[in-house]
Amino acid sequence: MVERLAERGFEVVQADSGEKAVELLDQFAFDIVITDLRMPGVDGMRVIESARERYPGIVAIVISGYGTLKDAVDATKRGASDFIAKPFQFDELLQKVQKALEERRLQAENAYLRSQLEERYQFGGIVGRSRPMQELMRLLETVARSSTTLLVTGETGTGKEVVARAIHHNSPRRAHRFVALNCSAIPETLLEAELFGHVRGAFTGAVGTRQGRFEQAHKGTLFLDEVGTMSVALQMKLLRALQEREFERVGDNQTIKVDVRVIAATNSDLARMVAEGAFREDLYYRLNVVQVELPPLRERRDDIPLLVQHFLKKFSPNETLEVSQSAMRALMAYHWPGNVRQLENAVERVVALSAGRTEISSADLPPEIQSTPQAAAPPYVEFPEDGLHLPHYLASIEKDLIRRALDRTGGNRNKAADLLRIKRTTLVEKLRRIGVD
Ligand SMILES: Nc1ncnc2c1ncn2[C@@H]1O[C@H](COP(=O)(O)OP(=O)(O)OP(=O)(O)O)[C@@H](O)[C@H]1O
Ligand SMILES: [Mg+2]
Numbered sequence: 003m004v005e006r007l008a009e010r011g012f013e014v015v016q017a018d019s020g021e022k023a024v025e026l027l028d029q030f031a032f033d034i035v036i037t038d039l040r041m042p043g044v045d046g047m048r049v050i051e052s053a054r055e056r057y058p059g060i061v062a063i064v065i066s067g068y069g070t071l072k073d074a075v076d077a078t079k080r081g082a083s084d085f086i087a088k089p090f091q092f093d094e095l096l097q098k099v100q101k102a103l104e105e106r107r108l109q110a111e112n113a114y115l116r117s118q119l120e121e122r123y124q125f126g127g128i129v130g131r132s133r134p135m136q137e138l139m140r141l142l143e144t145v146a147r148s149s150t151t152l153l154v155t156g157e158t159g160t161g162k163e164v165v166a167r168a169i170h171h172n173s174p175r176r177a178h179r180f181v182a183l184n185c186s187a188i189p190e191t192l193l194e195a196e197l198f199g200h201v202r203g204a205f206t207g208a209v210g211t212r213q214g215r216f217e218q219a220h221k222g223t224l225f226l227d228e229v230g231t232m233s234v235a236l237q238m239k240l241l242r243a244l245q246e247r248e249f250e251r252v253g254d255n256q257t258i259k260v261d262v263r264v265i266a267a268t269n270s271d272l273a274r275m276v277a278e279g280a281f282r283e284d285l286y287y288r289l290n291v292v293q294v295e296l297p298p299l300r301e302r303r304d305d306i307p308l309l310v311q312h313f314l315k316k317f318s319p320n321e322t323l324e325v326s327q328s329a330m331r332a333l334m335a336y337h338w339p340g341n342v343r344q345l346e347n348a349v350e351r352v353v354a355l356s357a358g359r360t361e362i363s364s365a366d367l368p369p370e371i372q373s374t375p376q377a378a379a380p381p382y383v384e385f386p387e388d389g390l391h392l393p394h395y396l397a398s399i400e401k402d403l404i405r406r407a408l409d410r411t412g413g414n415r416n417k418a419a420d421l422l423r424i425k426r427t428t429l430v431e432k433l434r435r436i437g438v439d
């Protein structure tokens with residue numbers, strides 16, 4: 003066994019007794035211990051126990067001539083990772099050794115990701131290490147200190163609310179309230195009263211006098227979600243509140259002054275709504291003093307492993323579930339239309355169904371994620387009524403992909419060519435032809 007493992011490139015140290023093995027364990031940091039079970043003096047169980055005492059992560063493989071189920075169970079209870087009954091084929095042992103090493107490597111990798119999670123790559127609950135997220139966090143740290151109005155944009159589930167909360171909790175306003183209002187969840191007729199409050203009898207059903215969200219958020223932060231859904235009439239009133247920091251409750255003419263930082267969010271294209279006259283231009287500029295654009299998850303796949311660790315910790319804080327290579331590959335290949343929220347839900351589901359297991363394999367993932375082809379699926383294209391110009395259309399896709407490959411690599415053409423699986427010279431040629439700078 004020693005010779006054959008050495009032939010395969012393993013560094014093997016041999017002990018001819020249990021005592022000797024325990025002694026050696028003090029001298030080297032082993033990855034794996036392979037031992038017989040029944041030996042004179044110090045037996046295999048004791049070897050495993052002292053190995054695990056010294057190195058909790060060590061892999062112990064037991065080989066025994068007494069291939070009883072009871073022995074196997076006992077050995078596993080004392081920390082053996084695997085059990086082989088004599089007689090055995092070398093290949094069987096080799097397979098177990100390789101599998102054990104792979105597991106150890108995964109553990110180390112996962113532990114590394116977990117430590118990264120603790121160290122950097124966090125800003126008030128925002129997790130991310132991709133370049134766009136790192137840049138975003140740096141921007142947020144800066145704007146958190148001021149009271150600037152912010153517009154947070156991004157597809158559903160990209161973390162717009164997380165960003166708003168992170169800013170509040172890192173700002174000098176953190177001792178005051180973070181008040182959130184989803185403008186699309188409240189009927190238009192009641193939205194004004196919700197924002198600015200009302201006095202008794204202001205409208206049917208206004209039985210008492212109530213503070214609006216602006217007043218509640220005094221000295222704190224007001225998060226206006228889905229601002230794009232607000233009527234143009236109400237946009238006017240919001241603009242005044244933002245500009246003058248004053249307003250009246252509905253049904254009242256007494257002016258109220260507040261000190262509120264406003265963070266607005268939307269997943270509609272406000273700039274286009276402005277162009278179409280559905281959103282006031284002056285309000286747009288008022289809200290959009292600083293724009294924070296959250297990229298969809300599929301454009302920052304580097305964040306996926308870290309987010310997976312983050313959510314594993316959230317949903318199973320006491321266990322250390324590992325994610326297999328193939329499962330992680332599937333998670334990274336999927337296009338995540340629901341972005342981080344969908345990833346969070348997927349991890350929650352996997353954890354709930356993982357009862358007792360220590361590793362998540364790709365078979366444990368929701369079916370739609372398992373079955374993502376490894377090469378990105380082509381995007382769905384709306385076919386225009388009157389057709390399209392195929393060469394122009396394909397060229398525009400090519401141009402877009404090339405530009406994004408260059409973005410990803412910080413303009414490095416060699417790396418971009420690698421990402422696109424084309425030769426550098428081909429890339430340079432294409433760049434010249436399509437006029438990408
Ligand atoms: N970068 C991130 N780090 C950690 N958790 C995140 C991150 N982004 C999003 N999440 C989590 O994903 C979920 C969705 O985030 P959030 O509610 O902020 O999305 P949203 O952009 O407001 O979506 P919607 O437009 O649908 O309201 C939340 O549970 C949030 O905790
Ligand atoms: Mg939201």
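Numbering (this note's numbering), first residue to last: 3 to 439.
All residues carry an ideal CB built from backbone N, CA and C; glycine is no exception.
Practice item. Inspect the CB distances between the segment 146 to 165 and the segment 253 to 271 and report whether three or more fall short of 8 Å. Key: yes
Check your understanding: Around the Cβ of HIS170, are there at least 16 other Cβ atoms within 10 angstroms (buried) or fewer (exposed)?
Key -> Within the sequence shown, residue 170 is the residue found at index 168, counting from 1. HIS170 comes out buried.
Check your understanding: By Cβ distance, which residues of its chain are closer than 6 Å to GLY203, with the 5 residues on each side in sequence left out?
Key -> Translated into the one-based positions of the sequence shown, residue 203 becomes position 201. Counting only Cβ-Cβ distances below 6 Å, and skipping sequence neighbours, we find nothing.
Review point. Between the C-alpha atoms of GLU217 and PRO297, what's the straight-line distance to the nearest angstrom?
Key: Taking the sequence shown and counting its residues from 1, the one referred to as residue 217 is at position 215. Taking the sequence shown and counting its residues from 1, the one referred to as residue 297 is at position 295. Going by the C-alpha atoms only, they are around 33 Å apart.
Review point. Alpha carbon to alpha carbon, how far is ASP261 from MET135?
Key: Counting from one through the sequence shown, the residue named residue 261 turns up at place 259. Counting from one through the sequence shown, the residue named residue 135 turns up at place 133. Approximately 30 Å, taken between the alpha carbons.
Exercise for review: Return yes when the Cβ of ILE306 is within less than 7 Å of the Cβ of ALA329, no when it is not.
Suggested key: For this step, residue 329 is matched to residue 327 along the sequence shown. For this step, residue 306 is matched to residue 304 along the sequence shown. Result no, Cβ atoms of ALA329 and ILE306 do not sit closer than 7 Å.
Check your understanding: Who are the near neighbours of GLN372 in its chain, counting only those whose CB is closer than 8 Å to its CB and skipping five residues on each side?
Key -> Residue 372 sits at position 370 when you count from the first residue of the sequence shown. Taken in chain order, the residues that qualify are ALA332, SER364 and ALA365.
Practice item. Kindly examine ligand 2 and report whether one of its heavy atoms sits closer than 6 Å to the Cβ of ASP227. Key: As a position in the sequence shown, residue 227 is number 225, starting the count at 1. Yes, Cβ of ASP227 sits closer than 6 Å to a heavy atom of ligand 2.
Check your understanding: Buried or exposed: which applies to ALA379, given that a residue is buried once 16 or more other Cβ atoms fall within 10 Å of its Cβ?
Key -> Start at 1 with the first residue of the sequence shown, and residue 379 comes out as number 377. Bear in mind that a pLDDT of 48 at ALA379, under 50, signals an unreliable position, so the number given afterwards is only what the model happens to contain. Exposed, since its Cβ has fewer than 16 Cβ neighbours within 10 Å.
Exercise for review: Give me the Cα-Cα distance between PHE90 and ARG140, rounded to the nearest whole angstrom.
Suggested key: Taking the first residue of the sequence shown as 1, we reach residue 90 at position 88. Taking the first residue of the sequence shown as 1, we reach residue 140 at position 138. Roughly 58 Å separates the two Cα atoms.
Point to revise | Alpha carbon of ASN347 to alpha carbon of LEU39, nearest angstrom | key: Locating residue 347 in the sequence shown gives position 345, counting from the first residue. Locating residue 39 in the sequence shown gives position 37, counting from the first residue. Distance between the alpha carbons of ASN347 and LEU39: 45 Å.
Review point. What did DSSP end up calling ASP227 once you bin it into helix, strand or coil?
Key: Counting from one through the sequence shown, the residue named residue 227 turns up at place 225. Residue state, collapsed to three classes: strand.
Check your understanding: Within the chosen definition, does the segment 273 to 289 reach the segment 311 to 321 through at least 3 CB pairs nearer than 8 Å?
Key -> no
Practice item. Check GLY46 in the structure and name its three-state DSSP category. Key: The residue labelled residue 46 in the question sits at position 44 within the sequence shown. Helix, per DSSP.
Exercise for review: Confirm the yes/no value for this check: CB of LYS79, any heavy atom of ligand 2, distance under 6 Å.
Suggested key: For the purposes of this step, residue 79 is taken as the residue at position 77 of the sequence shown. No, ligand 2 has no heavy atom inside 6 Å of this Cβ.
Practice item. Please name the residue in LEU272, VAL24, ARG54 and VAL35 whose C-alpha comes closest to that of GLY43. Key: For this step, residue 43 is matched to residue 41 along the sequence shown. Answer by Cα proximity: VAL24.
Review point. Bridge partners of SER66, per DSSP?
Key: Against the sequence shown, residue 66 aligns to sequence position 64. In the DSSP output, where bridge partners are listed per residue, SER66 has ALA87.
Review point. Are at least three pairs of beta-carbons, each pair with one atom in the segment 181 to 199 and one in the segment 235 to 245, less than 8 Å apart?
Key: yes
**Study point:** GLU217 beta carbon near ligand 2 (any heavy atom closer than 6 Å)
**Key:** As a position in the sequence shown, residue 217 is number 215, starting the count at 1. Outside the cutoff, so no.
Review point. Is the Cβ-Cβ distance between GLY127 and VAL201 less than 7 Å?
Key: Here residue 127 refers to the residue found at position 125 of the sequence shown. Here residue 201 refers to the residue found at position 199 of the sequence shown. Contact: no.
Point to revise | Straight-line Cα distance separating MET41 from SER19 | key: Reading the sequence shown from its first residue, position 17 is the one you call residue 19. Reading the sequence shown from its first residue, position 39 is the one you call residue 41. Taking the straight line joining both Cα atoms gives about 8 Å.
Check your understanding: VAL181 and PHE225 look like a contact to me (Cβ under 8 Å); what is the Cβ gap, rounded to whole Å?
Key -> Position 179 of the sequence shown, counting from 1, holds the residue named residue 181. Position 223 of the sequence shown, counting from 1, holds the residue named residue 225. The Cβ separation is near 7 Å, so the contact holds.
Review point. From ALA53 to ALA354, what does the alpha carbon distance come to, in whole angstroms?
Key: Your numbering for residue 53 matches position 51 in the sequence shown. Your numbering for residue 354 matches position 352 in the sequence shown. Those two C-alpha atoms are separated by around 33 Å.
**Study point:** DSSP state of ILE36 mapped onto helix, strand, coil
**Key:** Stepping through the sequence shown from its first residue, residue 36 is reached at position 34. Strand.
Review point. For ALA379, does the three-state DSSP call read helix, strand or coil?
Key: The count along the sequence shown starts at 1 and reaches residue 379 at position 377. Confidence is the limiting factor: at ALA379 the pLDDT is only 48, short of 50, which leaves the residue's position unreliable, though a coordinate-based value still follows. Three-state result, ALA379: coil.
Point to revise | ARG212 versus VAL229, GLU228 and LEU192, residue with shortest Cα-Cα distance | key: On the sequence shown, residue 212 is found 210 positions in, with the first residue counted as 1. That would be LEU192, whose Cα lies nearest to the Cα of ARG212.
Point to revise | Element boundaries [alpha helix (DSSP H), containing THR427] | key: On the sequence shown, residue 427 is found 425 positions in, with the first residue counted as 1. 426 to 436 is the span of the alpha helix (DSSP H), which, as asked, contains THR427.
Point to revise | Sufficient close CB pairs (3 or more, under 8 Å) joining the segment 100 to 112 to the segment 71 to 78 | key: no
Point to revise | Separation of ILE36 from ALA8, as counted between CA atoms | key: Here residue 8 corresponds to residue number 6 of the sequence shown, with the count starting at 1. Here residue 36 corresponds to residue number 34 of the sequence shown, with the count starting at 1. Whole-angstrom Cα-Cα distance: 14 Å.
Practice item. Just list the beta strand (DSSP E) runs in the segment 195 to 278, keeping only unbroken ones of 3 residues or longer that don't cross its boundaries, in chain order. Key: 223 to 227, 248 to 250, 257 to 259 and 263 to 268
Practice item. Going by CA-CA distance only, name the one from LEU142, PRO369, GLU111 and GLY222 that's closest to HIS178. Key: Within the sequence shown, numbered from 1, the residue matching residue 178 stands at position 176. That would be GLY222, whose Cα lies nearest to the Cα of HIS178.
Review point. In three-state terms, what does DSSP make of ALA182?
Key: On the sequence shown, position 180 is the one that residue 182 refers to. The answer is strand: DSSP assigns ALA182 an E or B state.
Exercise for review: Throw me the rounded Cβ distance for the GLY67 and LYS88 pair, which I believe falls under 8 Å.
Suggested key: Taking the first residue of the sequence shown as 1, we reach residue 67 at position 65. Taking the first residue of the sequence shown as 1, we reach residue 88 at position 86. Correct: roughly 4 Å between the Cβ atoms.
Point to revise | Assigned exposure category for SER132 - 16 Cβ within 10 Å defines buried | key: As a first step, residue 132 is located in the sequence shown; it is residue number 130 there, counting from the start. SER132 comes out buried.
Practice item. Quick one: residues in its chain with C-beta nearer than 7 Å to the C-beta of LEU26, no 5 flanking neighbours on either side, listed in chain order? Key: Looking up residue 26 in the sequence shown gives position 24. These residues qualify, in order along the chain: VAL15 and ALA17.
Exercise for review: From the DSSP output, in three-state form, read off THR155 for me.
Suggested key: Within the sequence shown, the letter at position 153 stands for residue 155. Residue state, collapsed to three classes: strand.
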